[in-house]
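Participant: Going down the list, the sequences are from chains X and D.
Take the first sequence: its position 184, counted from the start at 1, is 174 in my numbering, and no numbers get skipped.
Take the second sequence: its position 61, counted from the start at 1, is 855 in my numbering, and no numbers get skipped.
Here a beta-carbon is modelled for each residue, glycine too, at the ideal position from N, C-alpha and C.
Pasting a structure here, questions to come.
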Amino acid sequence: MFKNFVAIIFLILIGTLLYSLTLRGVLGNPQASAFKNNLDQATKPFELSPERGRYLMTMSLGDFGRYDLTSDLADAAYPDVGIFDGRYYIFFAPGISILALPLYLIGKSIGFAQVGAFSTIAIFAVLNLVVLYKISKNIFKLPILLSLVAPLIFGFSSSGWSYATTLYQHHVTTFFVLSGFYAVWKYSQKAKFSWVWGAYTWLCYGLGMLIDYPNAFLMAPVMIYFFINSFSIQFSVESFKINARLAFIFTSILFILVSAWHGYFNYTNFGDWKKVSGSIVGVKHVRELDLLQISEADKASQVKAAESKKNPVGFFNEYNIPFGFYTVLISTDRGLLFYYPVFIFSFFGIYNLIKKGMTREVGTLLGIIAANVFLYSSWGDPWGGWAFGARYMILVSAVLSLFVGYWLQITRFKLVSRVFIFLTFGFSVAVALLGALTTNAVPPQIEGEYLKMKYNFALNYDFLMSGRSSSFVFNTYLQNRIDLFDYYVVLYWIIITAMLVILISSYYSNSKKNAN
Amino acid sequence: MQIKIKIPFSIWPKISDFFLSRKIELIIFVIATMCSITATYYYFSIDAIVAYGDSESHLNISKRIIDSITPGIAQAGGIWLPLPHLFMVPLVAIEPLYRTGLAGSIVSGVAYIIICVFLFKTVFLLTKNQLAGIIAALIFGLNPNVLYMQSTPMTEMVLIAFFILSSYYFLRFINDQRNMIYLVVAAFFGFCATLSRYDGWFLVMFEAFVLVLLYIRKREMWSKMQGLVVMFGSLAFVGIFLWFGWGYLILGDPLYFTNSQFSAKSQQNSWLSRGELPAYHNLAESIKYYTVTSWSNSGIIIFGVAIIGFLIYMFNKKFRYRYFTAIILLVPFIFNVLTMYLGQSVIFIPALTPISFEWRLFNVRYGLLMLPFIAIFASYLFSISARLTKLILAGLFIFQYLLFAVGYSHVLTLEDGTIGLSHAKRPDAEQWMKKSYDGGLVLLDDYARTISVVRSNIPMQNIIYIGNKPFWQESLKEPDRYAKWVIMQKEDTVWKAIYDDPVVQARLFKYFNKVYTSDEILIFKRIPNN
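Dropping the structure here:
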């Protein structure tokens, strides 16, 4: 129990340390006027519109108490801002902006508003490390040392690192999906108060949709797992029995309440409980109409027509799958396996688990991977815009990391496997840290070639060598004391050393166990 | 807190007896018939039955056999194999069935019903699981692309029917080699397949190949192997030789179907010259194109389930003849990949075809030929799964159909027929001709599909086209000799022979008035008393 506690503390400490040292930010409480041509440049905290838009909504909530943006804030959020009934809104779900509000306000009071807001995501990233550890330990039944492998792989050798230090939805999504999955497993143990875990699962589902709309689909495997653990059918010679756990139904009240609030939010802001922010007409489109110098009546009808055609679901299309699948998994500009080859070993783990016999838990985890890959392969923009690595595969990375840890446990080749994992982990960390320390504003190959820019971590390497970092700590306190490359090396060796110690210790621990 | 509901089995025997007392095949037959009629009615109501240009061509070939200036079996032509057209002949004799395309719908619909029933039987043969067989029939029968194609006068359903019939009896023979009758029946249906589409030729070749593989390892069985191959081949391959003979006797070239200007190969040459044959001499592209086309027809989720089922099947040593089964069921894949590689066929599909290409949707219906394979192995996976997994698979299948319903998965066969390259053009000239035609022979290049004979209501026996010797040849030199109407489209054979030739053009204008003009089509009518 103590060792377990120590392992969790270790993860919290190493996560907090490394995410703090790479957190993107600037000193002070930036205003909207500071964004354009300043804070929206590469390596600055608002280099890309998703984080910019979400932060500006947080600002609007914190400074003005409103969900819609003032025109100054809307200008700063451009182009990911829409207009409805004369009010400006970001295109994204409101959840991240609301979540970031407490630390934004606390940070603002001490001159660290932006850093405070961004730290919210880092906290969730650290929590994800702990959840992955718990899943490895309790569900996969791995020893403590090997249970640390999955968190380290996900946390520091995937695009998860780059997006732990900025205001995106991926870590929060991953947290809700993974903790929801773990909660269902606890619920299925039928211990006392297991209904609390059921309630938590429903809460995750409701909040997940508030964070990002595709989570309704991404969490579906977990909810199916939840359903299956709540209902069972038993056949006997004379009859069949349906067993139902009423907790499944009673605890859904939390989901209903959260969804009701979400619907109310949509209704008060967009006029319809089913209407989401992504479906309102963009300010960009309106400005283009302005250039046409048409009458107000024509403009209004064109705006209405554009809005009625806009269908967020329409961005997903089966035609996109072949190219999308290639892009997110193996392409040289975004491919998960190209950037982070350590995940290749997860397939060995998956194969062994399936051969051993598919359990509900393994089936659910594979379902999460399938749902994520399926959804974002179908997405019209599998690159995720300008981004570092396959950001849409962050949830997949988290799940795959579990199978790497599992494979290390069951493989016969204890030493060779550790050598290969270490080598690929080393490469993957080197790449992940490049992104975390420099910029996420990396173009897709198609745009990069047109702009004659590099389109993968090669661009980040150039940033590193020219001393351009996004790290708040480095830029604010260390820039004049230490070279960025040296800073990079220090962070790199921290995580590599941690993994090396874990792999060697687990090898000897296993050898000792076999000898006994 | 839990609730427990106990349902006694006393009500179940009545339900299960109802089904077991009737053969499942009969139930599938009835359900398939209802689906076929419903789907055909729907597509008839939206005027989509003769959407494909090829649909009309198939109807016209059948019609000309019995109703032409020069009727006869020679009208069956030399490019498309004749059997589907022969099936339509008695039906196109009924004018409304011809004009609406329902003549072809009936043939395709009957084929569809046969496929559903025999898919059930094939899966039951392999798995001994009735539920799996029903699932296979449902996967195939409820597929939106299948439901559309079975309502059209196209030939894919007929081919698939003979393919599944031949495969079923062949697999029965493999599993019970003492019973030669199965091999004979398989050979017969293989013969029918060889006269339906060229895919059938590969089927019988691979079936013969499997016969060799079955016995080749035991030297003492070689003479039996030879006998079986001869017995099988002497029926199954007859269709192929008949077709060569037909080509030689009627058209002067046994390889007319591939050498002629009307062949698929010739059509592909124009794309090749433009660099728009991406799979030509590129095996990886050919495999990619056909794989994506197959999954686009079946739905990606069902395709994925089928691949998992196939892999599990192949590793299951319980199935002694699994490799032979796989070879037979993969024949459509091998055939289509090979023909694309050789440039004999082409598929354009939006998921892969570059935006720069003139057309991005064409021949996607070829992916339907993999649907039996997909249905069989998806249902196999279902049959071996635990109860919970069965529930999840059922959920996935339903989810796939929901994806079709919301438009995420496309009914590609319908799209190709309505907006893709396969769609029949509907020029205004067609409606004009429908209103204005008042009898007389019409000179028309039917191959160029200038206007639709079906939709313009011109009686088939009044059409002069390339298959009407000597009317056609003589009319191209002397258009006034037989025709009252001359319809030509830019650069079609009639245009080139008459309009582009100053001497013949002069003759045309001497005896005809131009009564219709558009950018592409000109219509001339004989000057009365001239």
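Secondary structure at Lys1290(D), three-state DSSP: helix, strand or coil?
Facilitator: Residue state, collapsed to three classes: helix.
Participant: Any C-beta of chain D sitting closer than 8 Å to the C-beta of Phe306(X)?
Facilitator: yes
Participant: Please check if any C-beta of chain D sits within less than 8 Å of the C-beta of Pro372(X).
Facilitator: no
Participant: At which residues does the alpha helix (DSSP H) containing Phe1303(D) begin and terminate?
Facilitator: Pro1296 to Tyr1305
Participant: Put Leu997(D) into one of helix, strand or coil per three-state DSSP.
Facilitator: helix
Participant: Taking the continuous beta strand (DSSP E) assigned at Leu1237(D), which residues delimit it?
Facilitator: Val1236 to Leu1238
Participant: Give the C-beta separation of Tyr1160(D) and Thr1087(D) to the nearest angstrom, bearing in mind that I take them to be a contact with Cβ-Cβ under 8 Å.
Facilitator: 6 Å
Participant: Is the beta carbon of Ile486(X) sitting closer than 8 Å to the one on Gly416(X)?
Facilitator: yes
Participant: Based on DSSP bridge pairs, tell me the residues matched to Phe1142(D).
Facilitator: Phe1156(D)
Participant: What residues are listed by DSSP as bridge partners for His1217(D)?
Facilitator: Tyr846(D)
Participant: Along chain X, in chain order, which residues have C-beta atoms closer than 8 Å to that of Ala1145(D)?
Facilitator: Per Cβ cutoff of 8 Å: Glu308, Tyr309, Asn310, Ile311, Pro312 and Phe313.
Participant: Using a beta-carbon distance cut-off of less than 9 Å, what residues from the region 1184 to 1207 of chain D approach chain X?
Facilitator: Leu1185, Ile1186, Gly1189, Leu1197, Val1200, Gly1201, Tyr1202, Ser1203 and His1204
Participant: Tell me the DSSP bridge mates of Met1282(D)?
Facilitator: Beta-bridge partners of Met1282(D) (DSSP): Leu1316(D).
Participant: What is the DSSP secondary structure of Trp192(X), counted as helix, strand or coil?
Facilitator: helix
Participant: Using the three-state DSSP reduction, which class does Leu7(X) fall into: helix, strand or coil?
Facilitator: In the structure shown, Leu7(X) adopts helical secondary structure according to DSSP, grouped into three states.
Participant: Relative to the C-alpha of Met209(X), which residue among Asn219(X), Thr191(X), Phe221(X) and Val16(X) is closest?
Facilitator: Among Asn219(X), Thr191(X), Phe221(X) and Val16(X), the Cα nearest to that of Met209(X) belongs to Thr191(X).
Participant: Going by the CB atoms, is the gap between Ala1030(D) and Val1004(D) shorter than 8 Å?
Facilitator: No.
Participant: Interface residues of chain D around Ile218(X) at Cβ under 9 Å?
Facilitator: Leu1182, Leu1185 and Ile1186
Participant: Determine the DSSP secondary structure at Ser461(X), reduced to helix, strand or coil.
Facilitator: strand
Participant: List, in chain order, every chain X residue whose beta-carbon is nearer than 9 Å to that of Ile1034(D).
Facilitator: Ordered by position in chain X, no residue passes the 9 Å Cβ test against Ile1034(D), which lies about 36 Å from the chain.
Participant: Measure the C-alpha to C-alpha separation of Leu136(X) and Gly425(X) and round it to an integer number of angstroms.
Facilitator: If I take the Cα positions, the gap works out to 26 Å.
Participant: Examine chain X for any beta-carbon lying closer than 8 Å to the beta-carbon of Ser1092(D), and answer yes or no.
Facilitator: At a cut-off of 8 Å between C-beta atoms, Ser1092(D) does not count as an interface residue with respect to chain X.
Participant: For the pair the region 934 to 947 of chain D and the region 1189 to 1205 of chain D, tell me if three or more CB-CB distances fall below 8 Å.
Facilitator: yes
Participant: Distance check for Ile344(X) and Leu977(D), CA to CA, integer angstroms please.
Facilitator: 39 Å
Participant: How about Val1131(D): is its C-beta nearer than 8 Å to some C-beta of chain X?
Facilitator: Cβ-Cβ to chain X under 8 Å: no for Val1131(D).
Participant: With a cut-off of 8 Å, does the C-beta of Val1086(D) fall near any C-beta of chain X?
Facilitator: yes
Participant: Of the choices Gly1137(D), Gly1211(D) and Phe982(D), whose alpha-carbon is the least far from that of Ala842(D)?
Facilitator: Gly1211(D)
Participant: For the beta strand (DSSP E) that Gly72(X) lies in, which residues bound it at each end?
Facilitator: Val71 to Phe74
Participant: Please state whether DSSP places Phe306(X) in a helix, a strand or coil.
Facilitator: Strand at Phe306(X).
Participant: Count the other C-beta atoms from every protein chain shown that fall within 10 angstroms of the C-beta of Val406(X), then say buried if there are 16 or more, exposed otherwise.
Facilitator: exposed
Participant: For Ser501(X), is the classification buried or exposed, using 16 other Cβ atoms within 10 angstroms of its Cβ as the cut-off for buried?
Facilitator: With fewer than 16 Cβ atoms within 10 Å of its Cβ, Ser501(X) is classed as exposed.
Participant: Leaving out five residues on either side along the sequence, give the residues of the same chain with a beta carbon under 7 Å from the beta carbon of Ile1165(D).
Facilitator: Reading off the sequence, residue 1165(D) comes out as Leu, not Ile. Once the five neighbours on either side are set aside, the close Cβ partners of Leu1165(D) are Phe934, Asn937, Val940, Asn1091 and Ser1092.
Participant: Can you find at least 3 beta carbon pairs, one from the region 897 to 912 of chain D and one from the region 816 to 836 of chain D, that sit closer than 8 Å?
Facilitator: yes
Participant: Is Val421(X) helix, strand or coil by DSSP?
Facilitator: helix
Participant: With C-beta atoms as the reference, is Ser902(D) less than 8 Å away from Ser856(D)?
Facilitator: no
Participant: State whether the region 942 to 958 of chain D contacts the region 834 to 848 of chain D, with contact taken as three or more CB pairs (one from each stretch) at a distance under 8 Å.
Facilitator: yes
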